[in-house]
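Below is one structure, written out as structure tokens; the observations come after it.
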Amino acid sequence: MKEKRIASAGYVSLGGLTFSGIFNIGDTKHIQSTSKGIALQKEGARFKAENNINFNDYSLFNREMNLPEIVTPVQKETIHHSDTISVNNIDIIGISEAALFQIGNLEKSYSESRIKHFRRYSSV
Amino acid sequence: MNRKMKMEVHNWDLNVGNVEITTVTASSVFLIGDNDEFALSSFFDTPPEAAALGSIVPLASSS
Numbered sequence: 041m042k043e044k045r046i047a048s049a050g051y052v053s054l055g056g057l058t059f060s061g062i063f064n065i066g067d068t069k070h071i072q073s074t075s076k077g078i079a080l081q082k083e084g085a086r087f088k089a090e091n092n093i094n095f096n097d098y099s100l101f102n103r104e105m106n107l108p109e110i111v112t113p114v115q116k117e118t119i120h121h122s123d124t125i126s127v128n129n130i131d132i133i134g135i136s137e138a139a140l141f142q143i144g145n146l147e148k149s150y151s152e153s154r155i156k157h158f159r160r161y162s163s164v
Numbered sequence: 555m556n557r558k559m560k561m562e563v564h565n566w567d568l569n570v571g572n573v574e575i576t577t578v579t580a581s582s583v584f585l586i587g588d589n590d591e592f593a594l595s596s597f598f599d600t601p602p603e604a605a606a607l608g609s610i611v612p613l614a615s616s617s
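Respectively, the protein sequence lines represent chains B and W. Count along the first sequence from 1, then add 40; that gives the number in the working numbering. Count along the second sequence from 1, then add 554; that gives the number in the working numbering.
Structure representation (structure tokens):
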């Protein structure tokens, strides 16, 4: 991309931006966001340190990702016939878990999200 | 000789009117614009309801 286009946003309404979520208007060279989470549903209202919940105890957080090898022997030429990206109205409730919302130019983006959800019973 | 694929991109008008989204989550992307490269990964593990031991809400009590 030799030239970047101008990003023009009118009205954006965003309810929540959490857990490595990104919202950007304009140009981005490189984005890298990661998010790890354990969603535990258990009996009782108290979550204590002695519950012993660790990321390392679950294989999901150590598993290898299956990403494609990034080799791009492509020579790209971009010709802009219009110099503005224009947005009128956007309404989003939430952006979460290494997700991205961008208006504009983005060169590289890398996102990784891992969520383990389980229930734990105090007596069976 | 190192041969490369040549790609020519023509960007014409990009105008967005009205967008309504509930959530963008777990390594997802919502982009209005130009991009070169994406690498997105998401792991999500949740128990199937059938594997849950007992019911979450007790429906009746014998005692």
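We put the CB at the ideal spot given by N, CA and C, even for glycine.
Point to revise | P602 (chain W) at chain B interface by Cβ criterion, 8 angstroms | key: To locate residue 602 (chain W), count along the second sequence from 1; it is residue 48. Not an interface residue.
Exercise for review: Give a yes or no on whether the minimum CB-CB distance between N84 (chain B) and chain W is below 8 angstroms.
Suggested key: For this step, residue 84 (chain B) is matched to residue 44 along the first sequence. Inspection of the sequence shows that residue 84 (chain B) is occupied by Gly rather than by Asn. No, G84 (chain B) does not count as interfacial toward chain W.
Review point. Does the segment 149-156 of chain B come close enough to the segment 65-80 of chain B that 3 or more CB-CB pairs lie under 8 angstroms?
Key: yes
**Study point:** Whole-angstrom C-beta distance between G587 (chain W) and N145 (chain B), which should lie under 8 angstroms
**Key:** Position 105 of the first sequence, counted from the start, is the residue given in the question as residue 145 (chain B). Position 33 of the second sequence, counted from the start, is the residue given in the question as residue 587 (chain W). That pair is a contact at about 6 angstroms.
Exercise for review: Please check if any C-beta of chain W sits within less than 8 angstroms of the C-beta of A139 (chain B).
Suggested key: In the first sequence, the residue the question calls residue 139 (chain B) occupies position 99. It does; some Cβ of chain W falls within 8 angstroms.
Practice item. Answer with yes or no whether the minimum CB distance from L100 (chain B) to chain W is below 8 angstroms. Key: Position 60 of the first sequence holds residue 100 (chain B). Chain W, which has a Cβ nearer than 8 angstroms to the Cβ of L100 (chain B), makes this yes.
Review point. So is S582 (chain W) buried or exposed if we call it buried at 16+ other beta carbons inside 10 Å?
Key: Working through the second sequence from its first residue, we reach residue 582 (chain W) at position 28. With 16 or more Cβ atoms within 10 Å of its Cβ, S582 (chain W) is classed as buried.
Point to revise | Strand pairing of D599 (chain W), partner residues [DSSP] | key: If you number the second sequence from 1, residue 599 (chain W) lands on position 45. Bridge partners of D599 (chain W): B:K156.
Check your understanding: In whole angstroms, what is the alpha-carbon distance linking I119 (chain B) and E562 (chain W)?
Key -> Numbered from 1 along the first sequence, position 79 holds the residue referred to as residue 119 (chain B). Numbered from 1 along the second sequence, position 8 holds the residue referred to as residue 562 (chain W). Near 8 angstroms, if we compare the C-alpha coordinates of E562 (chain W) and I119 (chain B).
Check your understanding: So with Cβ pairs under 8 angstroms, would you call D131 (chain B) a contact of chain W?
Key -> Locating residue 131 (chain B) in the first sequence gives position 91, where the first residue counts as 1. Yes - at least one Cβ of chain W is within 8 angstroms of the one on D131 (chain B).
Practice item. Sort out for me which residues DSSP pairs D131 (chain B) with in a bridge. Key: Position 91 of the first sequence, counted from the first residue, corresponds to residue 131 (chain B). Per DSSP, B:S53 and W:E574.
Review point. Does DSSP put N64 (chain B) in a helix, a strand or coil?
Key: One-based indexing of the first sequence puts residue 64 (chain B) at position 24. DSSP places N64 (chain B) in strand when its eight states are reduced to three.
Practice item. Output yes or no for whether 8 angstroms exceeds the beta carbon distance between E137 (chain B) and G55 (chain B). Key: Within the first sequence, the letter at position 97 stands for residue 137 (chain B). Within the first sequence, the letter at position 15 stands for residue 55 (chain B). Contact flag unset, no.
Practice item. Taking N145 (chain B) as the query, report the chain W residues whose CB atoms sit under 7 angstroms from its CB, ordered along the chain. Key: Position 105 of the first sequence, counted from the first residue, corresponds to residue 145 (chain B). Within chain W, the residues near N145 (chain B) are G587 and D588.
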